[in-house]
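See below for the structure under consideration.
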Amino acid sequence: MALAAMAEFSREEAEGSLTRVAVRGRGTDPSRRARSGSYVIAQCSEGCRVAIRDFDMSNKLHVGLPGIPDGPDYDLDGGPPGAGRRLEAETSPAKKPKSGAGGEQVSMDALRALLNEQSVALLQAQQTQIDGALQAFEVRQSGRLDVIEQRLVSHTRVQTDLHTGLQDLQDRVAKLEHTQRTAPKVVSESDRGPNRKHTLVFGGWESSTRRAILLQQLQQALQGLSLTSSLDMDPFCTGARRSVALCAFKKRPNEEDMDVRSRMFHVLQTVNSSMVTIEGAPRPLWCSVSKSPEERGRASLAAVIRKVVIRLAPHRQQDLDLEYKTGRAWIREDQLCGMKGTPEEEVRSARVVTTKAGEGWIDEKTLSKWVDSHIDEVPTEKGSWFKVRHLERRVELWIGTMHLTPGAPVAQFEHEVHDLLQGLPKNAHRVVIMGDVNTPFTWNRDVDGVSAVCKEGKGNILHKALVERDLRMGTPSLEQLATPTSRPRQEGRQGTCIDVMASKHVRLDSWYIHEDSYQTIGNDHELCEACLLVDEKRHFPRHVTGPRVWTGGVQQISFLDQEGIEQLARQCTKPATGHGYKDSDEVKQAFREAKRRGTAVLWKKALKMRSEARKQWELARLHRAGQGEWHSFKALKPRREEGWDVGFADAQQGDPHAAVHEHLTEVYQGPEDVTPVQAWEGDVRAFTVEELRVGVQQMKRGKAVGTDLTSTELLLGVMEVPGGEGHLLEWYNRILVTGAIPARWNQPILIMLPKMRAPRKARDLRPIAMGSSVSKLFSRMLLNRSLSLICPQTYAQCSGPGRQTSDFLYTVIRLFELTREWGNPLAVFKLDLAKAFDSVDRQMLLDRLESRIGAGPEMVCWRGLLKGTVGELQTPWGNSSVPMHRGIKQGAVESPVFFAYIAELALADTIHKFCWRNMNPLFPDLPPEEMMYMDDGMLWNGQLSVVQSRAQQLSSEFATYGLRMNPKKCQLYVSPKVVGNSILLEGVTVTASPQLEVMGLSLRVGVSMYELMAPAMTRARSKFWDLKHIFRSKGFMKNRARVMERVVGGTALWFICCVPPDKATMTSLNATQLQLMVWLLRFAKGPNEPWEDFRKRSFRGARAALHSAGLERWSTLWLRRYWRFAGHRVRTSLSDHPPISCDFEHFRTLPWWIHQQSLPQKQGIRHKGHHFPRLTILERGMDHVAGHPWRVHAHDRKRWRSLEDAWVAHMDVPWSSGRQLSIGDL
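Just so you know, we're using our numbering here: the sequence shown kicks off at 258 and counts up by one.
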């Protein structure tokens, strides 16, 4: 409305000074207003000023609104800067100075005189004001009368023109009637109305645009394009408000029809190519030849099909054929639309549409199939299921609606629920259902979040049915937990939440209840809105890190360097072939035929063949996995950590990749070593062929590759090519001599792995480096030379050559058992290093390495390998580069050895520096009270103060190597006899826990062996059900049982060699194994069979199957592993540096106890109370088998192994109770 008012300027106003005015109106594109350009003021025929903006950058014409010049509007925008202040300065009277303190005295006469003077002044001012107002009023009225007179004159002229026009029209009608009477002519539909063949249509405006504005803007555009000379008459509109204008063309003197068409096409091409922008219009100005309504109606059918195909399936444009004149369209051999008539025979349920040319039809079903947007509907008794597909991505979603009967009995309600959910296809992946269930729910908030709570039995039925189909109920926001979704119309009734939603395999972002929306929609329910998120894979460049295989192709190798080895990696290796499904030749041929002929029948046949072939392949793969084919078994294993990135991304405020990048940048931040590596100037011992071959044999195959794509398979292939092994060795020796490490070797790919099931912060992720394989081989050869010097030199480190996890576990279990038997107080501190591998001070590490292995070319190469490292961070959300100025690469060959060496050095230096051996020990004859396994460590003593001081001292020593203890992850355990229950570490209080968690085991003083093994049995059962589709598949039972033994047994019994055997625990372990066999054999209980009989029958059958498969019971396996590890512990006493498990093995043995008992009462050591002598009984059993003392015989490896069966026979529990008389008695 403002624009219309501003457009009406008088002629006199138009003749005034030109002013730049900025036109602002609804619908104006902000991007167009933002462009810079020059303003030109044009004079229109009516005398109005119109601003035409000519863009300098693009030379495009811009048409403003009529009567509104471009430039700032001071009336609308508040005037130019400072205008208000100037006006105020001009109109406000000047301030008068304040009068002084002194003056004449005021009398009554003076006051009267002053009042008279003021009265006269006021009367004069009022008279002057009234006179001025009257004069101004007379001037305004005179002006208005002049305007009215001018308008009357103008109306008289218009009336005269109308009268003349009507007279002319009457004459033309009379001539037309005379012509029709004398020469009748049949007029076709296409010739009705104006001459369409010589008429142009101009458009681009919004619908219902005022005719005056439309024609004015069009006139200015044509003038700006210099096209007015090509027109024969002014454009016109057929109504008061339109979106298009028409312009007819006529023959000029000495013109032919072709000349008229040439002028028309000149105007058409000029307008369309100029892209004239129109103020307030959604599109640029366009022009086309006018068509009759019938022609436009027929063309609209084909145009609709074209728009649908372009929008939903642009790849189908090549198969699309259009006929605008007839209104028909085809995709391949299928006709999709047509006019009138009956559709083709194969077209069923075509939709009839009405056009300006009459009735037409569109085959929606066939069209939806071609554009992949077919909607499937599955109606049910109380709802429907719809299958929809995303418009831009191939994501399918099943959406369900429901409205259950209010007040229905429980039986009817249950029937409706199951009928509704049975309509959902079993293969539906992403599912959302929402509706009115007419049973109330409430919401309970606890530690795990918000959960739905049923308020009556019918709600339990619904909830159970949803859970059985893996549908999770959505919950509203915390602010709307008490918001009802129903608004009863009856007075006195309160609303409840009877509208629910549930989803599967989609993430619920929010479920919002629009409060008071029932008043708008006229219902007794609130409007509920659920926002769901579908995971989308972001596309960004990623490094190819998959395993590669050697393909060959090179006949001779004459030189090798980093560039050459990378070229060989690209040319002579390729990504390893996967073991996934591949179409057979028959299936491939079926698809070729379907693509060639393009019929629906052939496509269905090909897809059916592929579905059946894939089903057979999956059954065969399942069979192979059950028989022990490990790549098939690995492919069928559930991926527990899959999807962690979704929850992690949701927990971040911004870009999750940026969060990870910033975290790693902070972790690896440190002083950059810019000192150039100097080559070794002394003698160099070159690598030999034997060293190269040993290093290659130590590398693993089928591993991920780094940025240079080199792999173990490449190295093996190169060594087989003539000249390959020699030049590879020469290249490594060249690097050893010069110390020039290729830059690619220090550019590992950093992959983030979760430390826990559902990480939420960047510190919950662990970076793993995937580097160059040629770099790994070189590092392995260097490490083999230095390994003897940096391997564990003390008892404390349980990681390294000749050490294992079992040494660590056996020591801590033995410590708790000794404390229980001898009644000593025990305080154990389990330390944890924060970002251990990533925080090591490289300079300190290199200095300690050099002090151990000495200066030389190997040390120069180690400095080069740890210098200038830049990690290529690759996350599910992007890529970036992270400078790594400190730490050692996790995943590198040398990383575990270097870190174990540093941890051992720090612990040994602390023991020597602070004189730990001078403190009171827990056991007087057992000095070791500390041990390490990589970045995990243990400190123990009988006094809590000693443990605290040692922990603080060790923490300060670790700090010199760049390492820091994490008090939040450290653990403290104290036995009941210890005074106190907490220590202070780096200002943080570490409180004691009731038990100590060590590598998945829960330890405390007095723990039974059954309690120690119970978690292992639980893990075994869970592992079985995770892989039940493999273990319970069809196939040979013996092979499946062996696979189960290897997988489940490895999960549950990996630490069993460290635990002292116990008969009750062995019986329980065997029962767990038999239960797994019962599940594997798929025994089922009979209809009338009692549970006791079923258990007896199934367990007897499981024992028979276990024996038939040649598998040992878990109790037997436990005894064998304990016997073998006991011999190993004894034999480590002969090594140069025995581990701490050897010290504990020889501490307070049975011979020592017998000697103590022989001493007088006050000289020998005695127990402090009654106890169960588990360790003594175990040693007596071993003496019974091997002879006293058994440790002497353990040094003879062969004899010790020959006594293993006797040990099992002596200690193992019986197979059964003996009540089963024969195998056939099942």
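Idealized CB from N, CA, C, for every residue including glycine. These numbers were taken from a predicted model, which means no experiment stands behind them.
Counting along the chain, where does the beta strand (DSSP E) carrying Met1013 start and finish?
-> Here residue 1013 refers to the residue found at position 756 when the sequence shown is read from its first residue. No beta strand (DSSP E) holds Met1013; DSSP gives it neither H nor E.
In chain order, what residues of the same chain lie with their CB nearer than 7 Å to the CB of Asn529, ignoring the 5 residues before and after it?
-> Here residue 529 refers to the residue found at position 272 when the sequence shown is read from its first residue. Result list for Asn529: Trp543 and Cys544, in chain order.
For the stretch 1284-1293 and the stretch 1306-1320, state whether three or more C-beta atom pairs, one from each stretch, are separated by less than 8 Å.
-> no
Return the CA-CA distance between Cys1118 and Glu823, expressed in angstroms with no decimal places.
-> On the sequence shown, residue 1118 is found 861 positions in, with the first residue counted as 1. On the sequence shown, residue 823 is found 566 positions in, with the first residue counted as 1. Roughly 21 Å separates the two Cα atoms.
Just confirm the distance between the C-beta atoms of Arg1299 and Gly885, as a whole number of angstroms; I'd bet it's less than 8 Å.
-> In the sequence shown, counting from the first residue as 1, residue 1299 sits at position 1042. In the sequence shown, counting from the first residue as 1, residue 885 sits at position 628. Arg1299 to Gly885, Cβ: 7 Å. Contact.
Could you tell me whether the Cβ atoms of Lys1012 and Arg1023 are closer together than 7 Å?
-> Translated into positions along the sequence shown, residue 1012 becomes position 755. Translated into positions along the sequence shown, residue 1023 becomes position 766. Cβ distance < 7 Å, so Lys1012 and Arg1023 count as in contact.
Arg1105 CB to nearest chain C CB: under 7 Å?
-> Checking the listed chains, one finds no chain C in this structure; it contains a single protein chain.
For Leu488, does the three-state DSSP call read helix, strand or coil?
-> Taking the first residue of the sequence shown as 1, we reach residue 488 at position 231. Here Leu488 sits in coil by DSSP.
To the nearest angstrom, how far is it from the Cα of Gln954 to the Cα of Thr967?
-> On the sequence shown, residue 954 is found 697 positions in, with the first residue counted as 1. On the sequence shown, residue 967 is found 710 positions in, with the first residue counted as 1. Between Gln954 and Thr967, the C-alpha separation is close to 16 Å.
Gln1061 versus Leu1072 - alpha carbon distance = As a position in the sequence shown, residue 1061 is number 804, starting the count at 1. As a position in the sequence shown, residue 1072 is number 815, starting the count at 1. Distance between the alpha carbons of Gln1061 and Leu1072 is about 18 Å.
Just checking my contact of Val694 with Trp655 at CB under 8 Å: how many whole Å lie between their CB atoms?
-> The count along the sequence shown starts at 1 and reaches residue 694 at position 437. The count along the sequence shown starts at 1 and reaches residue 655 at position 398. Wrong, their Cβ atoms sit about 18 Å apart, outside the cutoff.
Buried or exposed by the 16-neighbour rule on C-beta atoms within 10 Å, applied to Val1465 = For the purposes of this step, residue 1465 is taken as residue 1208 along the sequence shown, with counting starting at 1. Val1465 should be labelled buried.
Starting from the Cα of Val1031, find the closest Cα among Pro492, Leu1102 and Glu820 and give me that residue.
-> Your numbering for residue 1031 matches position 774 in the sequence shown. Comparing Cα positions, the closest option is Glu820.
Residue of Leu921, His1286 and Gly1367 minimising C-alpha distance to Leu879 = Counting from one through the sequence shown, the residue named residue 879 turns up at place 622. It is His1286.
Just the Cα atoms here: how many angstroms apart are Pro1233 and Pro1082?
-> Numbered from 1 along the sequence shown, position 976 holds the residue referred to as residue 1233. Numbered from 1 along the sequence shown, position 825 holds the residue referred to as residue 1082. If I take the Cα positions, the gap works out to 7 Å.
Kindly list the residues whose CB is nearer than 6 Å to the CB of Thr611, restricted to its own chain and excluding five residues on each side of it in sequence; keep chain order.
-> Sequence index remark: in the sequence shown, residue 611 carries index 354 (1-based). If we look at Thr611 and ignore the five residues flanking it on each side, it has no Cβ neighbours.
DSSP-derived helix/strand/coil call for Thr623 | For the purposes of this step, residue 623 is identified with residue 366 of the sequence shown, where counting begins at 1. Note: Thr623 maps to helix in three-state DSSP.
Taking the beta strand (DSSP E) that Phe643 falls in, what are its first and last residues?
-> Against the sequence shown, residue 643 aligns to sequence position 386. Unbroken beta strand (DSSP E) run through Phe643: Gly640 to Arg646.
Per DSSP, what kind of secondary structure is Gly460 in: helix, strand or coil?
-> Stepping through the sequence shown from its first residue, residue 460 is reached at position 203. The answer is strand: DSSP assigns Gly460 an E or B state.
Measuring CB to CB, does Gln476 end up less than 7 Å from Ile535?
-> Working through the sequence shown from its first residue, we reach residue 476 at position 219. Working through the sequence shown from its first residue, we reach residue 535 at position 278. Their beta carbons are not under 7 Å apart, which means Gln476 does not touch Ile535 by this criterion.
Short check: CB of Met1141 to CB of Gly1128, under 7 Å?
-> As a position in the sequence shown, residue 1141 is number 884, starting the count at 1. As a position in the sequence shown, residue 1128 is number 871, starting the count at 1. Yes.
Where does Met1468 land, buried or exposed, given buried means 16+ other C-beta within 10 angstroms?
-> The sequence position of residue 1468 within the sequence shown is 1211, counting from 1. So Met1468 counts as buried.
Secondary structure of His660, DSSP reduced to three states | The count along the sequence shown starts at 1 and reaches residue 660 at position 403. If DSSP states are grouped into helix, strand and coil, His660 belongs with the strands.
In chain order, which alpha helix (DSSP H) runs of at least 4 residues are fully inside the stretch 1267-1354?
-> 1285-1288, 1294-1309 and 1320-1338
For Leu1046, which residues from the same chain have a beta carbon less than 6 Å from its beta carbon, with the 5 sequence-adjacent residues on both sides left out?
-> What you label residue 1046 is simply residue 789 of the sequence shown in a count that begins at 1. Counting only Cβ-Cβ distances below 6 Å, and skipping sequence neighbours, we find Arg1109 and Ile1110.
Could you give the distance in angstroms between the alpha-carbon of Asn1327 and the alpha-carbon of Cys1315?
-> Here residue 1327 refers to the residue found at position 1070 of the sequence shown. Here residue 1315 refers to the residue found at position 1058 of the sequence shown. Roughly 18 Å separates the two Cα atoms.
Indicate whether the contact test is met: 3 or more Cβ pairs, each with one atom in the stretch 1203-1216 and one in the stretch 1084-1091, closer than 8 Å.
-> yes
Does the stretch 955-965 come close enough to the stretch 1172-1180 to have 3 or more Cβ pairs within less than 8 Å?
-> no
Distance CB(Phe1340)-CB(Ser1355) smaller than 7 Å = For the purposes of this step, residue 1340 is taken as the residue at position 1083 of the sequence shown. For the purposes of this step, residue 1355 is taken as the residue at position 1098 of the sequence shown. Yes, Cβ-Cβ distance for Phe1340 and Ser1355 is below 7 Å.
Quick one: grab the DSSP three-state call for Asp591.
-> Within the sequence shown, residue 591 is the residue found at index 334, counting from 1. Strand at Asp591.
Return the chain-ordered list of same chain residues with a C-beta closer than 7 Å to the C-beta of Val941, the five sequence neighbours on each side being excluded.
-> In the sequence shown, the residue the question calls residue 941 occupies position 684. For Val941, where only same-chain residues beyond five positions count, the Cβ hits under 7 Å are Leu993, Val994 and Pro1114.
Comparing alpha-carbon positions, which option in Ala833, Lys1425 and Leu1416 lies nearest Val1076?
-> Within the sequence shown, residue 1076 is the residue found at index 819, counting from 1. Here residue 1076 is Thr; the residue named in the question, Val, does not match the sequence. It is Lys1425 whose Cα lies nearest to the Cα of Thr1076.
Would you give the residue range spanned by the alpha helix (DSSP H) that Val924 belongs to?
-> Residue 924 sits at position 667 when you count from the first residue of the sequence shown. Residues Pro913 to Val924.
Asp766 and Leu790 closer than 7 Å at C-beta = One-based indexing of the sequence shown puts residue 766 at position 509. One-based indexing of the sequence shown puts residue 790 at position 533. Against a cut-off of 7 Å, the Cβ pair of Leu790 and Asp766 comes out as a contact.
Rounded separation between Val1470 and Met1323 - CA only = Mapped onto the sequence shown, residue 1470 falls at position 1213. Mapped onto the sequence shown, residue 1323 falls at position 1066. Taking the straight line joining both Cα atoms gives about 7 Å.
Phe1171 versus His1385: straight-line alpha-carbon distance, rounded = Residue numbering aside, residue 1171 sits at position 914 when the sequence shown is read from its first letter. Residue numbering aside, residue 1385 sits at position 1128 when the sequence shown is read from its first letter. Whole-angstrom Cα-Cα distance: 33 Å.
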